[in-house]
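Asks: Residue numbers (our numbering): 108 to 248. One structure coming up, written as structure tokens, with questions to follow.
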Amino acid sequence: MSEYEPFPPITGEEFDALAASPIVEEARFRCARHGTEAGMVRLRGGYTRGWMVEVESFVYRRFQRVHEPRAEALREHIARGDVQEIYVMDVAWAPFYCVYCNAVYCGACWRTEEIMDPDLPGWVDSVRGVCPAGHERMLSD
Ligand SMILES: [Zn+2]
Ligand SMILES: [Zn+2]
């Protein structure tokens, strides 16, 4: 469901600088069952330097560059704390969200299963999760 837009090349240093740039918008999401924090989505950057989304959850902490029109939309969704819209933009930005329940769950709620890479022994290829209501989704791939 992700849209991969072409980006101009960026060095590791530029990536790191962008990842450390000011937080423009931030939303923290709580588990529907426990009330504990399940994850966080941040938008960093600015109009001149570009934008980056930061996702922190029990599955992973991930940084990803975002293009302007999508960054604008994401900024509004984060400001409203609208996890459903964030999920619709990119499922990887809401790895704690079950779309069938329309609910956020923490790491204690998701039953996770690591799928190993068949070609690289010892490497986790993806993480599959089952929510408390039995719905299955990819949490990470
Ligand atoms: Zn569910
Ligand atoms: Zn929970």
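Cβ coordinates follow ideal geometry from the N, Cα and C atoms, glycine included.
Taking just the CA atoms, how far does arginine 149 sit from aspartate 189?
Replies: Roughly 13 Å separates the two Cα atoms.
Asks: Serine 247 to alanine 178, Cα distance in whole Å?
Replies: Looking at the two C-alpha atoms, the distance is approximately 22 Å.
Asks: Would alanine 186 pass as a contact of alanine 134 if the rule is Cβ separation under 9 Å?
Replies: Contact: yes.
Asks: What residue from Arg151, His174, Cys208, Tyr212 has the CA that sits closest to methionine 196's CA?
Replies: Among Arg151, His174, Cys208, Tyr212, the Cα nearest to that of methionine 196 is on His174.
Asks: I need the straight-line Cα distance from valine 198 to threonine 219, nearest angstrom please.
Replies: Approximately 16 Å between the Cα atoms of the pair.
Asks: Can you tell me whether alanine 145 is buried or exposed? The criterion is at least 16 other CB atoms within 10 Å of its CB, across all chains shown.
Replies: When all chains shown are included, alanine 145 counts as buried.
Asks: What's the gap between the Cα of alanine 210 and the Cα of alanine 201?
Replies: Roughly 11 Å separates the two Cα atoms.
Asks: For ligand 2, enumerate in chain order all residues having a CB closer than 7 Å to any of its heavy atoms.
Replies: Having a Cβ closer than 7 Å to some heavy atom of ligand 2 are Cys138, Arg140, His141, Thr143, Ala145, Tyr212, Cys213, Ala215, Cys216.
Asks: For a test of the three-state rule: what should DSSP assign to isoleucine 222, helix, strand or coil?
Replies: Strand.
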